[in-house]
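Residues 1 to 336 (the working numbering) are what the sequence shown spells out, left to right. Step one of this worksheet: look at the structure below.
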Amino acid sequence: MPYKKVTLYEFGGPDVLKVENIAEIPEPGSGEARVKVLACSAAYTDTLIRRGIYPDVKQKPPITLGYDMIGVVDKVGGGVDNLAEGDKVAELTILGAYSEYMILDAKQLVRVPDGLDDVDALSLILSYVTAFQMLTRLAKVQAGDSVLIHGAGGAVGNALVRLGAAMKLKMYGTASGSHHDRLRDLGCEPIDYKKEDFVLRMKSYAPKGVNAVFDAMGTDHFKRSLKVIANHGTLVAYGSYNSTSSADLIKDFLRVSLWDLLPWLPSTAFYSIGAWHRKHHDWFKEDLLTLFQWLSEGKISPEVSHRMKLEEGLKAHELLDSGQAKGKVVLMIGGQ
Ligand SMILES: NC(=O)c1ccc[n+]([C@@H]2O[C@H](COP(=O)([O-])OP(=O)(O)OC[C@H]3O[C@@H](n4cnc5c(N)ncnc54)[C@H](OP(=O)(O)O)[C@@H]3O)[C@@H](O)[C@H]2O)c1
1 MPYKKVTLYE
11 FGGPDVLKVE
21 NIAEIPEPGS
31 GEARVKVLAC
41 SAAYTDTLIR
51 RGIYPDVKQK
61 PPITLGYDMI
71 GVVDKVGGGV
81 DNLAEGDKVA
91 ELTILGAYSE
101 YMILDAKQLV
111 RVPDGLDDVD
121 ALSLILSYVT
131 AFQMLTRLAK
141 VQAGDSVLIH
151 GAGGAVGNAL
161 VRLGAAMKLK
171 MYGTASGSHH
181 DRLRDLGCEP
191 IDYKKEDFVL
201 RMKSYAPKGV
211 NAVFDAMGTD
221 HFKRSLKVIA
231 NHGTLVAYGS
241 YNSTSSADLI
251 KDFLRVSLWD
261 LLPWLPSTAF
271 YSIGAWHRKH
281 HDWFKEDLLT
291 LFQWLSEGKI
301 SPEVSHRMKL
311 EEGLKAHELL
321 DSGQAKGKVV
331 LMIGGQ
């Protein structure tokens with residue numbers, strides 16, 4: 001049976017994304033499951049992989065993007081006893097989810113509880129696990145703590161704000177003016193980074209500094225973030241949004257790791273969901289299941305910016321490149 005996937009044969013702009021018809025769906029081998037993908041994210045991180053500047057992905061084209069997915073087990077290979085046909089599953093795939101079918105390691109898949117909306121559940125995998133692990137496992141924030149969230153209108157920023165509201169944090173967030181009403185409604189005091197200096201603004205809001213800053217902007221931005229953190233606080237760096245090469249990202253990672261050795265600075269850490277997923281799959285599973293639970297209890301409600309078809313991957317990337325997404329961009333697959 002033929003199926004569709006989106007492949008890129010060279011790194012570059014959105015137009016390198018090509019929809020392909022593949023003649024035969026693949027068969028699962030021993031320990032594997034074939035998953036019929038229902039939805040996957042089109043994420044800013046995918047655009048870095050597409051441009052060939054994401055250090056965590058070493059593969060060269062042809063590659064299929066797709067950092068996470070929700071799908072239904074369609075067939076299992078020999079020796080698989082933890083899953084059966086028809087089970088709904090989630091995974092941080094890193095690559096490959098812009099596709100109607102995937103072959104995945106059955107042991108890695110996380111069962112999605114019954115009753116959750118597919119798109120809401122999908123939204124929790126990349127953006128919310130990132131936000132949740134940075135809040136709870138790195139910054140270790142407690143109710144009443146104060147935090148500054150950069151890019152608070154973006155997919156991860158929005159997840160940080162919504163989780164921060166559920167965890168009763170005092171929140172400040174940098175974002176363009178178009179996000180401000182939404183942020184105020186969620187209890188986050190917005191700062192327009194295009195119009196004012198967040199360091200000066202934070203000196204008036206929190207003169208002694210905040211408990212944690214979450215920053216994916218990179219380089220000099222990290223240095224400025226350090227100025228608004230209390231001595232015992234934490235800078236959690238997790239990206240270099242404005243970087244144009246993988247060397248920039250690696251330099252940022254090294255710089256942040258070095259700063260953590262300097263006792264006169266707040267503690268600093270660089271978070272990577274891909275690295276944590278490889279090293280601590282048990283944490284990934286535990287945290288995703290906690291988030292599924294919070295979703296089913298109504299403690300969190302993810303915000304979806306755009307729902308598009310798999311065939312519209314190129315358009316989704318144009319949207320991400322131009323910074324027009326307000327929250328999660330989702331590719332709906334399998335005729336939903
Ligand atoms: N380390 C990890 O494990 C991990 C995981 C997921 C994502 N990431 C990284 O995190 C970053 C954000 O990802 P995302 O999916 O949230 O992207 P996104 O949805 O495109 O959001 C990015 C946001 O950044 C904002 N922004 C741009 N320049 C800014 C500045 N100077 N100050 C404050 N905000 C600024 C934009 O804000 P406005 O719309 O307000 O202008 C936009 O809303 C990317 O670099 C991504 O690769 C890292």
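For each residue, glycine too, the CB sits at the ideal point set by N, CA and C.
The beta carbons of residue 41 and residue 304 sit about 10 angstroms from each other, so the pair does not count as a contact at 8 angstroms. By the Cβ test, the region 172–190 is in contact with the region 133–151, since at least three Cβ pairs between them sit closer than 8 angstroms. At a Cβ-Cβ threshold of 7 angstroms, residue 87 and residue 73 count as neighbours.
Rounded to the nearest whole angstrom, the C-alpha separation of residue 1 and residue 48 is 32 angstroms. Shortest Cα-Cα distance from residue 30 to any of 107, 39, 318 and 200 involves 107. Put simply, of 81, 79 and 45 the residue whose alpha carbon is nearest the alpha carbon of residue 65 is 45.
By the CB criterion at 7 angstroms, residue 70 and residue 84 fall outside the cutoff.
Per DSSP, the continuous beta strand (DSSP E) segment holding residue 231 begins and ends at 229–237.
Taking 6 angstroms as the cut-off, one finds at least one heavy atom of ligand 1 near enough to the beta carbon of residue 325.
DSSP places residue 201 outside any beta strand (DSSP E); the residue lies instead in the alpha helix (DSSP H), whose first and last residues are 198–205. The closest CA to that of residue 224, considering only 244, 203 and 243, is found on 203. Secondary structure within the region 151–229: the beta strand (DSSP E) runs of 3 or more consecutive residues, fully enclosed, are 170–174, 188–191 and 210–215 (chain order). Minimum Cα-Cα distance from residue 22 among the listed residues 251, 116, 101 and 111 corresponds to 101.
A distance criterion of 6 angstroms places the beta-carbon of residue 121 beyond contact range of ligand 1, judged by its closest non-hydrogen atom.
Around the Cβ of residue 9, a 10 Å sphere holds fewer than 16 other Cβ atoms; the residue is exposed.
Taking C-beta atoms as the reference points, residue 285 and residue 110 count as a pair closer than 7 angstroms. Residue 199 is positioned such that its CB atom lies no closer than 7 angstroms to that of residue 169. Taking C-beta atoms as the reference points, residue 193 and residue 216 fail to come closer than 7 angstroms. Taking C-alpha positions only, residue 251 is separated from residue 50 by approximately 20 angstroms.
In the three-state reduction of the DSSP assignment, residue 249 falls in the helix class, which pools H, G and I. Sequence-distant Cβ neighbours of residue 113 in its own chain, meaning closer than 6 angstroms and more than five residues away, are 292.
By the criterion of at least three beta-carbon pairs nearer than 8 angstroms, the region 153–164 is in contact with the region 316–333. Here the alpha carbon of residue 123 sits roughly 6 angstroms from the alpha carbon of residue 302. With a contact defined as Cβ atoms closer than 8 angstroms, residue 235 and residue 266 qualify at about 6 angstroms. When the Cα atoms are used, residue 300 and residue 162 turn out to be separated by approximately 6 angstroms. By the Cβ neighbour-count rule, residue 5 is buried, with 16 or more other Cβ atoms within 10 Å of its own.
According to the DSSP assignment, residue 148 belongs to the beta strand (DSSP E) that extends over 146–149.
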